[in-house]
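Just below is one structure, and these are the notes that go with it.
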Amino acid sequence: MMKKSVDIRFQVMRPLTILVIIYILGTVGYKIQNWDQWSWLDCTYMAVITLTTVGYGDVLGIDNLPGAKLYTMVLMITGMGGVLYAVSTLTAFVVEGELRAFFWENRMLKRISKLKNHYILCGAGATGHYVVDEFYKTKQNFVVIDTDSVYLKELTETHSDILFLEDDATDEDVLLKANIKHAKGLAAMLSSDKDNLFLVVTAKALNRNLRVAARAIEPRFISKLRNVGAHIIVSPNTIGGLRLASEILRPHVVSFLDKMMRDTSVINRFWEVLVPPRSSMHGVPIGLSNISGETGLLVIAVRLPHDGKFLYNPPPSTLIVEGSVLIVIGSIEQWKKLQEMAAVSKTA
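Numbering (the working numbering) for the sequence shown: 28 to 375.
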């Protein structure tokens, strides 16, 4: 989209520049004919009425000046060609809708520049489409980057008002346009493992705190992606194999998860909430926290801060401490309520 914006600016500026040059040359040409007696305003006026073929009359008095007459004829023949070219180019630009697209892209870039703690989704193909769909359903702030206009068009038809850049995600300037310095996470889902590797390197160089998830088709790229800073590496073959095994061994569990993910009436998901420092929930047992009563969420696991291990189906006596991560299941509205509960300080 950045390249397209530059092209559009060039398409607008070129005919406008030609128009300005023609009128300047026309004005200067008349001024040279009689430098002392003809004012700049009169010369400009004469050039304008000549090139626009309005013909209000001879304001300079060129009837007795053969040189000025000859210049006027040359200006009409050559200058009109340039004016017609510029006008037709600008008209086509407006009629074909490119001007509207230009302003629309500028508005999108302004919206992207205001994002904070958002996600950058690189790649809108087969995998990326499902990722975008999940981020869209759960009302996350995100920007999609892809070079394929067909993929992006399909996304905009099914997901209204999404932010996207039609450009190369491995380009540092494009990532900066996506406001990567203020982004929270990035998903690398480009068609090539090499491109994903280069993307992760570039992204981490621009934002060291960025959480990166990358797709790796070939197993040999998994360790490479991890070495350059990717936190999560997803292998479609591995996930596909585990899914097939689960369909056979745990069909009802798989069915439950599928229905939960595809239900459009109520967006129920697994969520995580980090207990921040000085939270009013610190030191409170899960059984006395009233999480279920206040939010309706079900706590299914707790990630302990001291060793990073998960405590599944935690008993009511489990203490909530700073740095704990509560894994819950429920709707996005319930999840936001729990975030608000955890954010309340003890001193408030």
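Using N, Cα and C, we set each Cβ at its ideal position, and we do this for glycine too. Remember, predicted model here, so these are calculated numbers, not experimental data.
Taking Cβ positions only, does residue i come closer than 8 angstroms to chain C?
| i | result |
| --- | --- |
| serine 218 | You won't find chain C in this structure, because it holds only one protein chain. |
On the three-state DSSP scale, how would you describe residue i?
| i | result |
| --- | --- |
| glycine 310 | coil |
| lysine 180 | helix |
| alanine 210 | strand |
| glutamate 193 | strand |
| valine 371 | coil |
| tryptophan 298 | strand |
| valine 75 | helix |
| histidine 145 | strand |
| valine 261 | strand |
| glutamate 271 | Correcting the residue identity first, residue 271 is leucine in this sequence and not glutamate. Three-state DSSP puts leucine 271 in a helix. |
| leucine 346 | strand |
| alanine 113 | helix |
When we look at the beta-carbon of residue i and count the other beta-carbons within 10 Å, is it buried (16 or more) or exposed?
| i | result |
| --- | --- |
| aspartate 63 | exposed |
| arginine 242 | buried |
| alanine 113 | buried |
| arginine 277 | exposed |
| isoleucine 172 | buried |
| alanine 383 | One cannot answer for residue 383 here, as it falls past the ends of the chain, which runs 28 to 375. |
| valine 177 | exposed |
| isoleucine 266 | exposed |
| serine 306 | buried |
| proline 341 | buried |
| glutamate 299 | exposed |
| proline 42 | buried |
| aspartate 290 | exposed |
| lysine 30 | Below a pLDDT of 50, predicted positions are generally treated as unreliable, and lysine 30, at 49, falls in that range; the measurement from the model is reported next regardless. Exposed, because fewer than 16 other Cβ atoms sit within 10 Å of the Cβ of lysine 30. |
Assuming residue i is part of the alpha helix (DSSP H), what are its boundary residues?
| i | result |
| --- | --- |
| asparagine 254 | 247-254 |
| glycine 357 | First-last for glycine 357: 352-358, but that is the beta strand (DSSP E), not the alpha helix (DSSP H). |
| asparagine 228 | Note that residue 228 corresponds to valine in the displayed sequence, not to asparagine. Residues 220-233. |
| leucine 4 | The shown model of the chain, from 28 to 375, leaves out residue 4, and the question about it has no answer. |
Which residues does DSSP list as the beta-bridge partners of residue i?
| i | result |
| --- | --- |
| tyrosine 339 | Ala328 |
| alanine 119 | Beta-bridge pairing links alanine 119 to no other residue. |
| alanine 205 | DSSP output for alanine 205 lists no bridge partner at all. |
| alanine 215 | Cys149, Ala241 |
What first and last residue would you give for the beta strand (DSSP E) that runs through residue i?
| i | result |
| --- | --- |
| arginine 242 | 238-242 |
| isoleucine 172 | 169-173 |
Check your understanding: Is the number of C-beta pairs between the region 67-80 and the region 140-155 that are closer than 8 angstroms three or more?
Key -> no
| message | I'd like to know if the region 181-190 and the region 229-238 are in contact, where contact means that at least 3 CB-CB pairs between them fall below 8 angstroms. | response | no
Contact between the region 255-270 and the region 321-329 (3+ Cβ pairs under 8 angstroms)
no
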